[in-house]
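Number of protein chains: 2
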Amino acid sequence: MELTDRKQKLLRIIVEEYIRTAEPVGSKAIAAMPDVTFSSATIRNEMAELTQLGLLEQPHTSAGRIPSAAGYRLYIDELMQDYRLSVDETKSLNQAMELKMQEFDKTMTQVGKMVSKLTNLPAYTLTSATNTTVKKFELIMAGEHSFILVVMTSGEVVKNKLIKLPLSVTETDLKLLSAVLNATLTEIPAEDFTPELLDKVSRAAGSAASLVPIVVDYTTQVLAELQKSEIWLTGQTRLLGQPEYRDIEKAEKLLSTLDEDMISNLPATVNRDSPVQILVGPENIAKELKETSVVMTRFDIGDGMQGLIGVVGPTRMDYAKVTARLSYFAESLGKMFGKHELPEAKESEE
Amino acid sequence: MELTDRKQKLLRIIVEEYIRTAEPVGSKAIAAMPDVTFSSATIRNEMAELTQLGLLEQPHTSAGRIPSAAGYRLYIDELMQDYRLSVDETKSLNQAMELKMQEFDKTMTQVGKMVSKLTNLPAYTLTSATNTTVKKFELIMAGEHSFILVVMTSGEVVKNKLIKLPLSVTETDLKLLSAVLNATLTEIPAEDFTPELLDKVSRAAGSAASLVPIVVDYTTQVLAELQKSEIWLTGQTRLLGQPEYRDIEKAEKLLSTLDEDMISNLPATVNRDSPVQILVGPENIAKELKETSVVMTRFDIGDGMQGLIGVVGPTRMDYAKVTARLSYFAESLGKMFGKHELPEAKESEE
DNA sequence: TTTAGCACTCAGGGCGAATGAGTGCTAAAA
DNA sequence: TTTTAGCACTCATTCGCCCTGAGTGCTAAA
């Protein structure tokens, strides 16, 4: 079932017009467009067939047509023209991206905020890592009853914790323990922290043996936390600007679902090859999102860590634009995390 | 101008009834209440006088009365009865509070989420510190071209950063530098990092002198970040549940203002003695909040650090309940940060 | 195969009447 | 002097109604 050129053109026009106006598109309006040469009657006939094919829908008899989920899908897969970022846009994207490399989480929230702003939709970011291991331990004396545990992981993330103890600690104990830890528990995923191994560590630690469980505990916690994808969601408010969420009930329902951990299920579906993935309305597994589209994209942070950026919005969403912006963002972020640099600044001559 | 007992009683009833129903309160409805012995006509007379006094308002001629800002103020200051947390509530508050002591920021966001949930209103948390200094520096070799800087501050907050360099570093350099830093820059507020002092440090650091600016840079950044109050906002969505924000425009406007840094102005007004402070509608300085009330409370984190928890909601807000919950929360948090313990668990016998 | 023409459908806006919750005032009762 | 019953009046809200106009499908001519 191949569509004629004219049908394709019509479908594209309808999708884009609907995206722009959020109103059902009528035959007359289309006929009035400059590059449309055929009459509204013809268009009506064609539209009737497209409706038959399940690509368009009619809210009610006397309204224009809107794209169905299948219509969007076809549009995205075949009709959508690449949105080319203008020089100005690239510029302002780069500008926005000049985030100081602070702590990792902060960067991720910041990225979320930016994406949300750029797309004017709620955005989420999340990270996931596979096979994180500890690269280096360090124990620092902090007071008579406390020390700082510093753990540097394979993903180049450094975490620390101030640990307070009822008993007192000595510098030598910490030195010893740190040496033991670095010798035995580095480069090993948390799953392999077997009781036997830990036992060995304890024995090797001598007088510092009592600290082992505490340290190991925190370490596994850090590793687990890095494994388990963490999620940041921002810009929820922007949904309210979309006409489909003028209805408070609806908006509230969606937003409160978003708040929940529901998004954590999304990454599961992201394992396709295309860099940007789009889920249109009913294609979402979560039933709360059946009337919502999700656009997401991956980027590499290096060392087995991956990030995900996505936006959530009404099915009527400017897929082309959102996709373009998201890709650019992801690409730049990848470069940034990889090389600790911004993408080529592309200073224009003006 | 002292109100008669009956007027006080009426005002209290009207405020509470309005808080409960979000509808203007009429004389008949009041007269029908079990502990009201006088007739609706009497009530009408009294209400007319209360309106005269500016404590009540009438949305339109044929509607009941609602409290004015002054009415709320009087209610809060004099009529509001302490809301006693039930055993069940204390229990579930304690339960909610069993947050693992993770990183500091996470705790604060978590607290925000909980407060928001408990009050069913958007909540914000923020921290501020005064006179933060570094307690201890530590430099850890992380690779040929990188090292980890660990800074422990007076507030017992430990921050770290992985620093990558174009040149290579040696263990001895780091040892030396760390000794110098600990000797010269600890217990000193960032303002006193004078050029002369830094110069002295550089000279003392010998071959590691080139690292000094980098380390100092990050350190001042950390200190500045801890000084400057950081803000977390959560639960924005809950506003949508409130009848006064059925109007999308309104909700959107308020929410987007909340998103901004506007809240950062709030703490300025918090310097009164009472632990919980309430700003009713027009009492807020920010004009976007003129129809909104803010309830906030301080708590101590120790070592000169203070936290602030607050909620934002419609003027018609259950002040008694919100205040009670917030206080309890703040108190418990204070204890927790102070002693690293939960408030007495109050396990009931059942 | 396309287009003009026409009858038909139906959501949305505008309008007026009906509804009823609530008031203020007056005059009688306590 | 204070409280209450009664009554006329106000006015936001709801509902039903009609009208309008955008949009359709179908038919017959180009």
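So the protein sequences, as listed, match chains A and B. Just so you know, we're using my numbering here: the first sequence kicks off at 42 and counts up by one. Just so you know, we're using my numbering here: the second sequence kicks off at 42 and counts up by one. Note that beta-carbon positions come from the ideal geometry of N, C-alpha and C, so glycine has one too.
C-beta neighbour in chain A for residue i, strict 8 Å
i, result
"B/N86", "no"
"B/S297", "yes"
"B/V226", "Note that residue 226 of chain B corresponds to Leu in the displayed sequence, not to Val. By this cut-off, B/L226 is not an interface position."
"B/E197", "yes"
"B/K380", "Unreliable placement is indicated for B/K380, whose pLDDT of 48 sits below 50; no coordinate value is reported for it."
"B/A183", "yes"
"B/E329", "no"
"B/D300", "yes"
"B/I342", "no"
"B/L383", "Any reading at B/L383 needs caution, since the residue's pLDDT is 37, under 50, leaving its predicted position unreliable; the model's value is listed next. Cβ-Cβ to chain A under 8 Å: no for B/L383."
"B/V191", "yes"
Heavy atom of the ligand ADP within 7 Å of residue i beta-carbon
i, result
"A/T92", "Of ligands this structure carries none, so the ligand ADP is not represented either."
Beta-carbon proximity check, residue i vs residue j, cutoff 8 Å
i, j, result
"A/P175", "A/L226", "The residue you asked about is not Pro; residue 175 of chain A is Val in the sequence shown. The answer is yes: Cβ separation under 8 Å."
"B/G354", "B/T338", "no"
"A/G218", "A/A249", "Before going further, note that residue 218 of chain A is Leu rather than Gly in the sequence given. Result yes, Cβ atoms of A/L218 and A/A249 sit closer than 8 Å."
"B/Q347", "B/T168", "yes"
"B/A292", "A/L281", "yes"
"B/A111", "B/L96", "yes"
"B/G351", "B/K154", "no"
"A/T173", "A/T194", "yes"
"B/V242", "B/V221", "yes"
"B/L208", "B/F188", "no"
"B/R106", "B/I54", "no"
"A/I84", "A/S68", "yes"
"B/E329", "B/L295", "yes"
"B/I255", "B/I204", "yes"
"A/W273", "A/T160", "no"
"B/V363", "B/R114", "no"
"B/A361", "B/Q49", "no"
"B/V253", "B/F234", "no"
"B/I229", "A/I289", "no"
"B/V152", "B/L374", "yes"
Counted within 10 angstroms of its Cβ, other Cβ atoms place residue i as buried (16 or more) or exposed
i, result
"B/R357", "buried"
"A/R125", "exposed"
"B/F178", "buried"
"A/Q318", "buried"
"B/N325", "buried"
"A/S103", "exposed"
"A/R61", "exposed"
"B/L51", "buried"
"A/T278", "buried"
"A/Y59", "buried"
"A/F370", "buried"
"A/N86", "exposed"
"A/V128", "exposed"
"A/F79", "exposed"
Below-8 Å beta-carbon distance, residue i vs any chain B residue
i, result
"A/R357", "no"
"A/K177", "yes"
"A/Y204", "Note that residue 204 of chain A corresponds to Ile in the displayed sequence, not to Tyr. With 8 Å as the cut-off, A/I204 does not count as an interface residue toward chain B."
"A/N201", "yes"
"A/E391", "Unreliable placement is indicated for A/E391, whose pLDDT of 34 sits below 50; the coordinate value is still reported in the next sentence. Answer no: the Cβ-Cβ gap between A/E391 and chain B never drops below 8 Å."
"A/K376", "no"
3 or more residues per run - each beta strand (DSSP E) lying fully within the region 203-228 of chain A:
Counting only runs of at least 3 residues, the region 203-228 of chain A fully encloses no beta strand (DSSP E) element at all.
Minimum length 3: unbroken beta strand (DSSP E) runs contained in the region 325-357 of chain B:
Here the runs fully enclosed are 333-343, 346-355.
Give, in chain order, every residue of the region 158-170 of chain B whose Cβ lies closer than 8 Å to some Cβ of chain A.
For the region 158-170 of chain B, which is checked against every Cβ of chain A, not one residue is closer than 8 Å.
For the region 223-257 of chain B, enumerate the residues whose C-beta is nearer than 9 Å to any C-beta of chain A, in chain order.
Residues of the region 223-257 of chain B whose Cβ lies closer than 9 Å to any Cβ of chain A: none.
Please identify, using Cβ separations under 7 Å, the residues of the region 271-297 of chain A that lie next to chain B, in order along the chain.
Those residues of the region 271-297 of chain A that come within reach of chain B (Cβ to Cβ, closer than 7 Å) are Q277, T278, L281, G282, R287, I289, A292, E293, L296, S297.
Sequence ranges, alpha helix (DSSP H) only - wholly within the region 89-156 of chain A, length at least 4
110-115, 128-137, all fully within the region 89-156 of chain A.
List in chain order: all unbroken alpha helix (DSSP H) runs of 4+ residues lying wholly within the region 231-298 of chain B.
Runs of the alpha helix (DSSP H) spanning 4 or more residues and lying entirely within the region 231-298 of chain B occur at 236-246, 253-268, in chain order.
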